[in-house]
Amino acid sequence: MTETTAAAASAARYRRRAEALFPGGVNSPVRAYRAVGGDPPIIVRGRGATVTDVDGVEYLDYVGAFGPLILGHAHPAVTTAAVAQIEAGAPFGATAPAEVELGEAIREAMPSIERLRLVSSGTEAVMSALRVARAATGRELVLKFEGGYHGHSDGLLAQAGSGLATLSLPASAGVPADVAAQTILARYNDLGPVEAAFERYPGRIAAVIVEPVAANMGVVAPVAGFLEGLREITARCAALLVFDEVITGFRVAHGGAQARYHVTPDLTVLGKIIGGGMPVGAYGGRADLIDLVAPVGPVYQAGTLSGHPAAMAAGAATLRLLGADLYARLERLGASLEAGLLEAASAAGRSVSVGRVGSILTLFFRGRAPRDFDEVQEADVAAFAHFHRAMRAAGILLPPASQEAWFVSAAHTDEDVARTVEAAREAFRA
Ligand SMILES: *Cc1c(COP(=O)(O)O)cnc(C)c1O
């Protein structure tokens, strides 16, 4: 048996063993590649902008672990900081300096976060932030937007009933209808349904939660006035505005979308980048709101591994390297990838569009970039699946679903972008 077939056999074996253990062979559904086809890769190594699978195949990577790796894989400063903390011991069931350092770095970048609580995932952070919002307002309903993803807690796995601005039905089996009905859905980038919801449920909506740049239905930028309008309506109706910046925080600007668009939320949820690739989440905001959390206030929220020092160290090391020049470079790489993809598609006579904010972007097989979830769903998913497989065959790993963001990291180079565009040129032709 040649070395390659031995390795390939080992990938197949891992997939079989994983399938025997985990639903779909994975521990998070999109990793199963159901949306694009092809065998899900078994990855053993990541360095900079590349990952290597167990067969020894190296890919130029735009998955970026779905968001955290703004510096690329295994950045030496990040791994050194995390390893040093692990060697020092951790966790301790007590506060460690690394928690304070990360907390201060976050507060410095996002002045709307006067105080915060560190947790272990974005899901947990969103769930806790909304608990605070309900406690602060004495109201029960939460308004979210169609196509917005805020983790998998029960209340946020909701989909619209008939018509807009209605109480929701569960979007997942196992979610009690009563819980889903605490969530109201509205169309992203449209203030009309938001106004309508506040009229329909006066004094009952605790918070509006939004990805200020939608990035989980593919990247859909906020239209001018949308975030400002949400700020105005929530303030007028005494509800809280919650920005879910789990992807956009430290990604679309150092201070997140709130800095990029100059709109200040009451509460902010973070995750991904602030853990430098380790499990993390955070929620923060006005001091009076966050001080509702135990042990100071009546809102209970706790975690054995919350603020894990190794994750804090990896996160703090990441944030230390995020300067203005890095964001300028990411913006330039993102813009050049967008321009290259559009040019390559047009040369092949393909009708596509790109939704992009800074270094996150999505290629839509639809002539005009979508503004909301309905328009996102008009894109040709079969065409994306073909494109994904062609790119993978060319050594370029894209996120394995048409409605995911591609993540450009500081480890990507102009040559990487050029190589990606050339591969896309072939893929569009096929
Ligand atoms: C990833 C994500 C979450 C959930 O974070 P997890 O760490 O996966 O639980 C929440 N909100 C947004 C916007 C996300 O992108």
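Taking the working numbering, the leading residue of the sequence shown gets 22, the next gets one more, and so forth.
For each residue, glycine too, the CB sits at the ideal point set by N, CA and C.
As the structure is a prediction and not an experimental result, all values here were calculated from the model.
For residue 42, count neighbouring Cβ atoms within 10 angstroms of its own Cβ and tell me buried if that reaches 16, exposed if not.
Taking the first residue of the sequence shown as position 1, residue 42 is located at position 21. Sixteen is the threshold: since fewer than 16 other Cβ atoms of the shown chains lie within 10 Å of the Cβ of residue 42, the residue is exposed.
Got a list of residues with beta-carbon closer than 5 Å to any non-hydrogen atom of ligand 1, in chain order?
The answer, residue by residue, is 142, 143, 144, 171, 172, 232, 265, 267, 268, 292.
Whole angstroms is fine: what's the gap from residue 166's alpha carbon to residue 347's?
Within the sequence shown, numbered from 1, the residue matching residue 166 stands at position 145. Within the sequence shown, numbered from 1, the residue matching residue 347 stands at position 326. Approximately 31 Å between the Cα atoms of the pair.
Proximal residues to residue 176 (C-beta, below 6 Å), its chain only, five neighbours per side dropped
The residue labelled residue 176 in the question sits at position 155 within the sequence shown. The residues are 200, 203, 204.
Does the structure place the stretch 227-245 close enough to the stretch 187-198 that three or more beta carbon pairs sit under 8 Å?
The stretch 227-245 and the stretch 187-198 do not touch, with fewer than three beta-carbon pairs separated by less than 8 Å.
Near residue 92, which residues of its chain fall below 7 Å by C-beta distance, leaving aside the five closest residues on each side in sequence?
As a position in the sequence shown, residue 92 is number 71, starting the count at 1. The residues are 99, 339, 342, 430, 431, 432.
Is residue 194 helix, strand or coil by DSSP?
Residue numbering aside, residue 194 sits at position 173 when the sequence shown is read from its first letter. DSSP places residue 194 outside both helix and strand once states are collapsed to three, so it counts as coil.
Nearest by alpha-carbon distance to residue 362: which of 115, 440, 214 is it?
Start at 1 with the first residue of the sequence shown, and residue 362 comes out as number 341. Comparing Cα positions, the closest option is 440.
Which of the three DSSP states is assigned to residue 339 in this structure?
Stepping through the sequence shown from its first residue, residue 339 is reached at position 318. The answer is helix: DSSP assigns residue 339 an H, G or I state.
Start and end residues, alpha helix (DSSP H) containing residue 309:
As a first step, residue 309 is located in the sequence shown; it is residue number 288 there, counting from the start. 308-311 is the extent of the alpha helix (DSSP H) around residue 309.
Closest residue to residue 174 among 334, 144, 332, 392 (Cα-Cα distance)
For this step, residue 174 is matched to residue 153 along the sequence shown. Nearest of 334, 144, 332, 392 to residue 174, Cα basis: 144.
Tell me the start and end of each unbroken beta strand (DSSP E) in the stretch 149-186 that is at least 3 residues and wholly inside, in chain order.
As summarised for the stretch 149-186, the continuous beta strand (DSSP E) elements at least 3 residues long and confined to that stretch are 162-166, given in chain order.
Touching by the beta-carbon criterion (3+ pairs, under 8 Å), the stretch 127-142 and the stretch 295-310:
Inter-segment contact for the stretch 127-142 and the stretch 295-310 is present: three or more beta-carbon pairs are separated by less than 8 Å.
I need the DSSP call for residue 297, collapsed to helix, strand or coil.
Position 276 of the sequence shown holds residue 297. Coil.
Any idea if residue 377 is buried or exposed, counting beta-carbon neighbours within 10 angstroms, 16 or more meaning buried?
Within the sequence shown, residue 377 is the residue found at index 356, counting from 1. By the neighbour-count rule (16 or more Cβ atoms within 10 Å), residue 377 is buried.
Go ahead and pull the three-state DSSP assignment for residue 380.
Counting from 1 along the sequence shown, the entry for residue 380 is found at position 359. Coil at residue 380, not helix or strand.
Just reading off the alpha helix (DSSP H) that residue 402 is part of, what are its end residues?
Sequence index remark: in the sequence shown, residue 402 carries index 381 (1-based). First-last of the alpha helix (DSSP H) with residue 402: 402-414.
Under a three-way DSSP split, which group does residue 271 fall into?
On the sequence shown, position 250 is the one that residue 271 refers to. In the three-state DSSP reduction, residue 271 falls in the coil class, being neither helix nor strand.
From the beta carbon of residue 262, is the nearest beta carbon of chain D less than 7 Å away?
Absent from the structure is chain D; it holds one protein chain and no more.
Is residue 291 helix, strand or coil when you go by DSSP?
Walking along the sequence shown from the start, residue 291 turns up at place 270. DSSP places residue 291 in the strand class (E or B) of the three-state scheme.
Ordered along the chain, which non-local residues of its own chain (more than five positions away) have a Cβ less than 6 Å from that of residue 422?
Position 401 of the sequence shown, counted from the start, is the residue given in the question as residue 422. Correct list, in chain order: 51, 56.
Restricting to Cα atoms, I'd like to know which of 213, 270, 335, 147 is closest to residue 281.
Your numbering for residue 281 matches position 260 in the sequence shown. For residue 281, the nearest C-alpha among the options comes from 270.
Inter-stretch contact at 8 Å, needing at least 3 Cβ pairs: the stretch 79-91 / the stretch 276-290:
Pairwise C-beta distances place the stretch 79-91 out of contact with the stretch 276-290, as fewer than three of them are shorter than 8 Å.
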